[in-house]
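Input: a single structure, listed below in structure tokens.
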Amino acid sequence: MLNQEKKQELEIQAREIRKDIVTMIGVGKAGHLGGSCSLADIVTVLYFYKMRHNPAEPGWKERDRFLLSKGHAAIVQYAALMECGYFDKETYIHTLKKLGSRLQGHPDMRKLPGIEANTGSLGQGVSLAAGLAAGLKLDGLDSRVYVAVGDGELAEGQLWEAFMAASNFKLDNLRVIIDRNGLQATGKTMDRFRIGSIEDKMRSFGFEVMVIDGHDMGQIADAFDKADDIREKPVCIIADTVKGKGIPFAEGVAAFHNGTLTQEQYEEALQALGCVSRTEA
0 MLNQEKKQEL EIQAREIRKD IVTMIGVGKA GHLGGSCSLA DIVTVLYFYK
50 MRHNPAEPGW KERDRFLLSK GHAAIVQYAA LMECGYFDKE TYIHTLKKLG
100 SRLQGHPDMR KLPGIEANTG SLGQGVSLAA GLAAGLKLDG LDSRVYVAVG
150 DGELAEGQLW EAFMAASNFK LDNLRVIIDR NGLQATGKTM DRFRIGSIED
200 KMRSFGFEVM VIDGHDMGQI ADAFDKADDI REKPVCIIAD TVKGKGIPFA
250 EGVAAFHNGT LTQEQYEEAL QALGCVSRTE A
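Heads up: the sequence shown begins at 0 in numbering that gives the first Met the number 0, then just goes up one per residue.
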């Protein structure tokens, strides 16, 4: 359980990650602000509390792995990696999606240390994560695999095949995190593709299921800790989140799924996060 000091430390770090997200997107350039910010607290807990990883040795065999099945939210992982020291923040923070940059619109394991798989073609991330989890078990390692999935992404059939496989092979080292922010690119998820109760479906597919507030550091940390005690079944953590969390004008607004910021909005976003506006390089 998090003590108050650690909880505050994580909240400060999450705010810094959101500042990095806004700074990377900058002015007049399309970027996935909404879904990156909805995951920011979860990613913060993973990288700064829960996961075993070593920025000085990205390929450390016994590390835990984190994958973004919703690869379009790569910016939040880039922010976490730069804050952890996997690469130099000042060198790369203004290079997002520039020609030849290591920071492209979707994660590329060939370009950046700390990226475990190329993702972004929706629906494939859990297959990759389950394969990694199975491989770790075969190697006799107790490392864990965490994979973030969008709620809109659940319309992809391959995910459900992967869920069944994870349950069949009793991958208790796999954690599926569903970012349930209720919005996708063109509006409300429930208006685009109704799948019914996510909780009931995941349980019927053989998962241990937890539902949390995805912006409460204590609940996030507790869920990840409790998952360690589950045996012979994978774990699904359904995180209720707000798209664009932390940026008042973007919260719950589908247009910021992959939108552009004006100079005024850019400055307003940084000010909301307690930061003096930085001039984009």
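Where a beta carbon is used, it is the ideal one built from N, C-alpha and C, also for glycine.
Using 8 Å as the cut-off, can you tell me whether the segment 180-187 makes contact with the segment 218-232, which would need three or more C-beta pairs spanning the two stretches below that distance? Counting Cβ pairs under 8 Å, fewer than three are found: no touch.
Suppose you measure from the CA of Val241 to the CA of Leu135; what does that come to, to the nearest Å? Locating residue 241 in the sequence shown gives position 242, where the first residue counts as 1. Locating residue 135 in the sequence shown gives position 136, where the first residue counts as 1. Distance between the alpha carbons of Val241 and Leu135: 33 Å.
Rounded straight-line distance, which links the Cα of Thr43 to that of Tyr145: For the purposes of this step, residue 145 is taken as the residue at position 146 of the sequence shown. For the purposes of this step, residue 43 is taken as the residue at position 44 of the sequence shown. Looking at the two C-alpha atoms, the distance is approximately 13 Å.
Could you check what DSSP says for Leu67 in three-state terms: helix, strand or coil? Your numbering for residue 67 matches position 68 in the sequence shown. In the structure shown, Leu67 adopts extended strand secondary structure according to DSSP, grouped into three states.
Which one of Leu1, Asn2, Glu8 and Val21 has the shortest CA to CA distance from Gln270? Against the sequence shown, residue 270 aligns to sequence position 271. Checking every option, the nearest Cα to that of Gln270 belongs to Val21.
Taking only three categories from DSSP, how would you classify Glu231? Start at 1 with the first residue of the sequence shown, and residue 231 comes out as number 232. Note: Glu231 maps to coil in three-state DSSP.
Do Ser37 and Asn257 count as a contact pair if the criterion is CB distance below 8 Å? For the purposes of this step, residue 257 is identified with residue 258 of the sequence shown, where counting begins at 1. For the purposes of this step, residue 37 is identified with residue 38 of the sequence shown, where counting begins at 1. No, Cβ-Cβ distance for Asn257 and Ser37 is not below 8 Å.
Helix or strand or just coil, what does DSSP make of Val283? Residue 283 lies beyond the stretch modelled for the chain, which goes from 0 to 280, so this question has no answer here.
Expressed to the nearest angstrom, what Euclidean distance is found between the alpha-carbon atoms of His214 and Cys83? Mapped onto the sequence shown, residue 214 falls at position 215. Mapped onto the sequence shown, residue 83 falls at position 84. Computed Cα separation, rounded: 20 Å.
Could you give the distance in angstroms between the alpha-carbon of Asn53 and the alpha-carbon of Arg101? For the purposes of this step, residue 53 is taken as the residue at position 54 of the sequence shown. For the purposes of this step, residue 101 is taken as the residue at position 102 of the sequence shown. Rounded to the nearest angstrom, the gap between the Cα atoms of Asn53 and Arg101 is 20 Å.
Establish whether the CB of Met23 and some CB of chain D are separated by less than 8 Å. No chain D is present in this structure, which holds just one protein chain.
Selection from Pro112, Ala161 and Gln3 that minimises the alpha carbon distance to Arg205: Counting from 1 along the sequence shown, the entry for residue 205 is found at position 206. Sequence inspection shows Gly at residue 205; the Arg mentioned does not correspond to that position. Looking at the Cα atoms, Ala161 is the closest of the given residues.
Identify the continuous alpha helix (DSSP H) that holds Tyr265 and give its terminal residues. Within the sequence shown, the letter at position 266 stands for residue 265. Element bounds for Tyr265: Gln262 to Ala271.
Would you say Lys88 and Cys274 are within 8 Å of each other, going by their C-beta atoms? Position 89 of the sequence shown, counted from the start, is the residue given in the question as residue 88. Position 275 of the sequence shown, counted from the start, is the residue given in the question as residue 274. It is not a contact, given that the beta carbons lie outside the stated cut-off.
Taking Leu111 as the reference, which of Phe47, Ala79 and Lys200 has the closest Cα? By one-based count along the sequence shown, residue 111 stands at place 112. Considering only alpha carbons, the answer is Ala79.
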